[in-house]
Amino acid sequence: MSVSVQEGDFDIGAEMAAMTAGRTDIGALVSFVGLVRDMAGGAAVSSMELEHYPGMTEKALEKIEAEARARWDLQDCRIVHRVGALEAGAQIVLVLAASPHRQAAFEAAEFIMDFLKSRAPFWKKEAGLGWVDARDSDEEALERWR
Amino acid sequence: MSVSVQEGDFDIGAEMAAMTAGRTDIGALVSFVGLVRDMAGGAAVSSMELEHYPGMTEKALEKIEAEARARWDLQDCRIVHRVGALEAGAQIVLVLAASPHRQAAFEAAEFIMDFLKSRAPFWKKEAGLGWVDARDSDEEALERWR
Amino acid sequence: MQVLYFAWMRERIGVPKEEVETNAATVADLVEELRGREERYALAFSDMAAVRVAVDQELVEIDTPLTGVREVAFFPPMTGG
Amino acid sequence: MQVLYFAWMRERIGVPKEEVETNAATVADLVEELRGREERYALAFSDMAAVRVAVDQELVEIDTPLTGVREVAFFPPMTGG
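Here the protein sequences come in this chain order: A, B, C and D. Going by my numbering, the first residue of the first sequence is number 1, and it counts up by one from there. Going by my numbering, the first residue of the second sequence is number 1001, and it counts up by one from there. Going by my numbering, the first residue of the third sequence is number 2001, and it counts up by one from there. Going by my numbering, the first residue of the fourth sequence is number 3001, and it counts up by one from there.
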């Protein structure tokens, strides 16, 4: 179980190295990094504010991670999510999934991202544009895992 | 088009940084790293030799990458595959896919790995165990993309 | 009971949290009570399809009982990642 | 024409590549010709279900014509990644 919610940036290379250090049983390591896009929905975004629900956020992410570990043969898993002010191009979220097999690593990372998108208490407010609306496609993405 | 076949190791953090540097339009960056597992098929593996077909390898990888770019909305894509002697725990392959949307990035990376596994001219020989047999599951994985 | 608001719920109601004395049996009853207080609450709770609820930091449905509950949070659909 | 062998095909035949003078019309004809040469070829080509073919560095089927071809490669199913 490894979840971090933080204002500061993260270092993907260091996170991966920490996960694989000293072990030789991992066959597949999948990472997902989400970034602040400057053209969300066609309007220029220079920065955003990421609000969350301290306390519940960590619990929600740990629950999603535990569910992924129960479903797939994972050797390790990690979620890092930033909050606060984020500029265009900034890293928002990192998901890592390690498994002996590539399909498990891919599916677990996708599962975590799908649930994180609409089941963890984060809200995005884009500078000059206001609160980001939830997308139907994110809700529909969850259907795949039922 | 960015494909490298090399004996030396690769630096995932540096590869990702090179892909995202100076741009703010990427929303999702997926990476896959394949590693030498020490217990492939139940027998201890201390090292392996990765043979390839120089010339054809690069062409085959470029073809797979071009196919991924034609199928999904990718902003960038990169494949690095090592050859030669590799110890247990060593990195073998890196696939990076960048897109405005997470599903495209995930699917493109999976597609590339599925085709790379059984359509690019690489052969693994495990020290003391001999040539690695192709797996039916790798051939079956291609069905998903027809 | 602590009642928390996030994102535009927080902005519409004007506070991030408040202590609420209530005998409401369920979350739905509490929403009714809050709606009756002032215009800003009525506005924030006008479209319940756009409101999500957590009780003691777990996502729940609107008909969840409030017995023994310490913390209720209201917020729009989540947009993480 | 250059004929290349990889992995256990290379080990069984004993060379990574060789120049072959042939009038074979297709890859299948070339395989027949090579099989007839020596025991090590017959062994390497004994189970064609386990042999893949590339012609001028493109994967092809066994019935592919050899007209104008410069390079033919034989190898086991690939195991990259």
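Think of the CB as a built atom: it goes at the ideal place given N, C-alpha and C, for glycine as much as any other residue. Remember, predicted model here, so these are calculated numbers, not experimental data.
Coil, strand or helix - residue i by DSSP
| i | result |
| --- | --- |
| D1114(B) | helix |
| V1045(B) | coil |
| D2029(C) | helix |
| S3046(D) | coil |
| Y3041(D) | helix |
| E1143(B) | helix |
| W72(A) | coil |
| I2062(C) | coil |
| I3013(D) | helix |
| A2082(C) | For residue 2082(C) there is no data in the structure shown, the boundaries of chain C being 2001 and 2081. |
| F10(A) | coil |
| Q1103(B) | helix |
| S1002(B) | coil |
| I1026(B) | coil |
| A2073(C) | strand |
| L1129(B) | coil |
| A1097(B) | strand |
| R1082(B) | strand |
| R3052(D) | strand |
Option in the options with minimal Cα separation from residue i
| i | options | result |
| --- | --- | --- |
| Y2041(C) | T2067(C), M2078(C), Q2057(C), Y2005(C) | Y2005(C) |
| S4(A) | V93(A), E67(A), K117(A), R144(A) | V93(A) |
| A70(A) | A108(A), E143(A), V83(A) | A108(A) |
| S46(A) | A90(A), F111(A), K117(A) | A90(A) |
| V2055(C) | M2078(C), E2071(C), M2048(C), D2029(C) | E2071(C) |
| A2043(C) | A2050(C), A2028(C), R2012(C), P2016(C) | Just to set this straight, residue 2043(C) is Leu in the shown sequence, not Ala. Of A2050(C), A2028(C), R2012(C), P2016(C), the residue nearest in Cα terms is R2012(C). |
| E49(A) | H81(A), G42(A), K125(A) | K125(A) |
| D3047(D) | G3068(D), P3076(D), V3069(D), T3064(D) | P3076(D) |
| A1085(B) | F1122(B), E1143(B), L1074(B) | F1122(B) |
| R2010(C) | F2045(C), T2067(C), E2061(C), T2064(C) | F2045(C) |
| G22(A) | A1043(B), R1078(B), E1087(B) | E1087(B) |
| I12(A) | I26(A), G27(A), L35(A), D25(A) | L35(A) |
| G3081(D) | A1043(B), F1106(B), K1059(B), R1037(B) | R1037(B) |
| E3021(D) | T3079(D), M3078(D), F3074(D), V3069(D) | V3069(D) |
| G1008(B) | H1081(B), S1002(B), E1058(B), P1054(B) | H1081(B) |
| C1077(B) | A1105(B), H1052(B), V1083(B) | A1105(B) |
| Y53(A) | A141(A), L129(A), V83(A), V132(A) | V83(A) |
| L2059(C) | E2039(C), N2023(C), V2027(C) | V2027(C) |
| G128(A) | F10(A), R102(A), A44(A), F111(A) | A44(A) |
| K63(A) | F115(A), L142(A), D133(A) | F115(A) |
Test: residue i CB closer than 7 Å to a CB of chain B
| i | result |
| --- | --- |
| M16(A) | yes |
| S31(A) | yes |
| P3077(D) | yes |
| F3006(D) | yes |
| A3049(D) | no |
| I64(A) | no |
7 Å Cβ cutoff, residue i in contact with chain D
| i | result |
| --- | --- |
| P1054(B) | no |
| G1034(B) | yes |
| A1134(B) | yes |
| W1145(B) | no |
Assigned exposure category for residue i - 16 Cβ within 10 Å defines buried
| i | result |
| --- | --- |
| E65(A) | buried |
| M1016(B) | buried |
| M1039(B) | exposed |
| W72(A) | buried |
| Q2002(C) | exposed |
| V2053(C) | buried |
| G3014(D) | exposed |
| A163(A) | Here chain A covers residues 1 to 146 and nothing more, so residue 163(A) does not appear. |
| T1057(B) | buried |
| V137(A) | Reading the sequence as shown, one finds Ser at residue 137(A) and not Val. Exposed is the call here. |
| G1027(B) | buried |
| A2007(C) | buried |
| R2037(C) | exposed |
Chain A within 7 Å of residue i, Cβ atoms only
| i | result |
| --- | --- |
| T1057(B) | no |
| G2080(C) | yes |
| G1008(B) | no |
| Q2002(C) | no |
| A1021(B) | no |
| A1088(B) | yes |
| A2054(C) | yes |
| R1102(B) | yes |
| D1076(B) | no |
is_contact[residue i, chain C] using C-beta, thresh 7 Å
| i | result |
| --- | --- |
| E51(A) | yes |
| A43(A) | no |
| G84(A) | no |
| W72(A) | no |
| V93(A) | yes |
Inset, instruction - May I ask you to list, following chain order, the residues of the stretch 1107 to 1128 of chain B that have a beta carbon less than 8 Å from some beta carbon of chain D? - result: M1113, L1116, K1117, S1118, R1119, A1120, P1121, F1122, W1123, K1124, K1125
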